[in-house]
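Residue numbers (UniProt numbering): 1 to 301. For each residue, glycine too, the CB sits at the ideal point set by N, CA and C. This one's a predicted model, so the numbers in the text were calculated from it and none came from an experiment. Read the structure below first, then the notes.
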Amino acid sequence: MDQFKQISTFVEVAAKGSLSAAARAEGIAPAMIGRRLDALEERLGVKLLQRTTRKIALTNEGEAFLEDCQRILSDLENAESAVSERSAHASGHLLISAPAGFGRQHVAPLMPSFLTEHRDVTLTLNLNDRVVDLIGEGIDVAIRIASLSDSSLVGAKLADNKRIVVASPAYIKRHGKPGTVDDLQKHNCLAISSEGSQRGWSFRQNGKIVTVKVEGNMVCNDGQVLHDWALAGKGLAWRSMWEVGSEIESGKLVTVLDEFAAPGNDIYAVFAQRRHLPLRIRVFVDFLRRAYAQPDYWRKG
């Protein structure tokens, strides 16, 4: 018996609440539905449903299995839609949100090429550093550089995001390189502040992620300013590769403490739903993913 048919039948029975309702929806006898469920439970060696003549109830194992099955069927539906839409024509308006610094450097410059590929798509790009309400503000897709904590949103990873400590060659010549995380206490660290409090710098040390409060004579709530101060030789800065990659490539900045670098918050495109995603959103996300995957993209000036 087709394993996929068993799984889809199980999901349908759970949704309809009875074997007879699932059978009517498919146009077959209830006995056939029952045989599929029996075969599925026998194959898994687990009881998924408690069945009586009047109703059914999911077991604990059945509830967990149902969640996985629903996700698998949804992914399959999305894959089929993507294949059938590949030759379709993207059109309509895109409302895009992105962090200001990242958007200026890595979204806005790519948009003319995107619109050249998809001439019937128009777009509005909003750049700001607050976390937008996708549904409330009608945002089609938002670029976020963070761990996704809102389970109601769907995220498509666009690229890794590595955070590193950088300084100008002139600063290193005057003050030397820190060899350990503890050596940061001897250096002028250019820290970013948020609502009056300084954000710590994260490192991997002794197999654990640690956050270090650094000290320096210059603090700012704008990352671009810290970037500029580092280029001017004023101290060490903890920045993302997307921001400083080109300066590292050109030698204007050098990295330190690379062996202690902690995993960064990855770069995602997020949207409010997974099913029936408009083609214009799909092609936009695919376009960014391809662009960011180009060799040495993050080191280009």
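Which of helix, strand or coil DSSP assigns to residue i
{"i": "residue 193", "result": "strand"}
{"i": "residue 216", "result": "coil"}
{"i": "residue 40", "result": "helix"}
{"i": "residue 1", "result": "The pLDDT assigned to residue 1 is 49, lower than 50, so where the model puts this residue is not dependable, and the model offers no usable value."}
{"i": "residue 167", "result": "strand"}
{"i": "residue 52", "result": "coil"}
{"i": "residue 277", "result": "coil"}
{"i": "residue 234", "result": "coil"}
{"i": "residue 180", "result": "coil"}
Presumed contact (8 Å Cβ cut-off) between residue i and residue j, rounded CB distance
{"i": "residue 124", "j": "residue 96", "result": "7 Å"}
{"i": "residue 302", "j": "residue 49", "result": "A question about residue 302 goes unanswered here, because the residues of the chain that appear run from 1 up to 301."}
{"i": "residue 144", "j": "residue 127", "result": "Actually they are not in contact, since the Cβ atoms of residue 144 and residue 127 sit about 13 Å apart, beyond 8 Å."}
{"i": "residue 242", "j": "residue 102", "result": "6 Å"}
{"i": "residue 154", "j": "residue 271", "result": "6 Å"}
{"i": "residue 131", "j": "residue 260", "result": "At roughly 29 Å, the Cβ-Cβ gap does not stay under 8 Å, so residue 131 and residue 260 are not in contact."}
{"i": "residue 238", "j": "residue 201", "result": "4 Å"}
{"i": "residue 66", "j": "residue 11", "result": "7 Å"}
{"i": "residue 20", "j": "residue 55", "result": "Actually they are not in contact, since the Cβ atoms of residue 20 and residue 55 sit about 11 Å apart, beyond 8 Å."}
Identity of the residues DSSP links to residue i by a beta bridge
{"i": "residue 310", "result": "Lying outside 1 to 301, the shown extent of the chain, residue 310 is not represented and no answer is given."}
{"i": "residue 155", "result": "270"}
{"i": "residue 239", "result": "164"}
{"i": "residue 121", "result": "92"}
{"i": "residue 255", "result": "166"}
{"i": "residue 126", "result": "97"}
{"i": "residue 144", "result": "268"}
{"i": "residue 58", "result": "49"}
Environment of residue i [buried if 16+ CB atoms lie within 10 Å]
{"i": "residue 24", "result": "exposed"}
{"i": "residue 71", "result": "exposed"}
{"i": "residue 211", "result": "exposed"}
{"i": "residue 13", "result": "buried"}
{"i": "residue 1", "result": "At residue 1 the pLDDT is 49, less than 50, meaning the model places this residue with poor confidence; the figure from the coordinates comes in the next sentence. Exposed is the call here."}
{"i": "residue 36", "result": "buried"}
{"i": "residue 99", "result": "buried"}
{"i": "residue 186", "result": "exposed"}
{"i": "residue 276", "result": "exposed"}
{"i": "residue 28", "result": "exposed"}
{"i": "residue 234", "result": "buried"}
{"i": "residue 42", "result": "exposed"}
Touching by the beta-carbon criterion (3+ pairs, under 8 Å), the region 242-258 and the region 161-172: Counting Cβ pairs under 8 Å, three or more are found: they touch.
The region 214-223 touching the region 66-78, judged by at least three CB pairs closer than 8 Å: no
Validate contact between the region 131-138 and the region 242-251 using beta carbons, cut 8 Å, 3 pairs: The answer is no - the region 242-251 does not touch the region 131-138, with fewer than three Cβ pairs under 8 Å.
Touch test, the region 156-163 against the region 262-270, Cβ-Cβ under 8 Å, three pairs minimum: The region 156-163 vs the region 262-270: in contact.
Contact between the region 221-229 and the region 180-193 (3+ Cβ pairs under 8 Å): Output reads yes: the region 180-193 touches the region 221-229.
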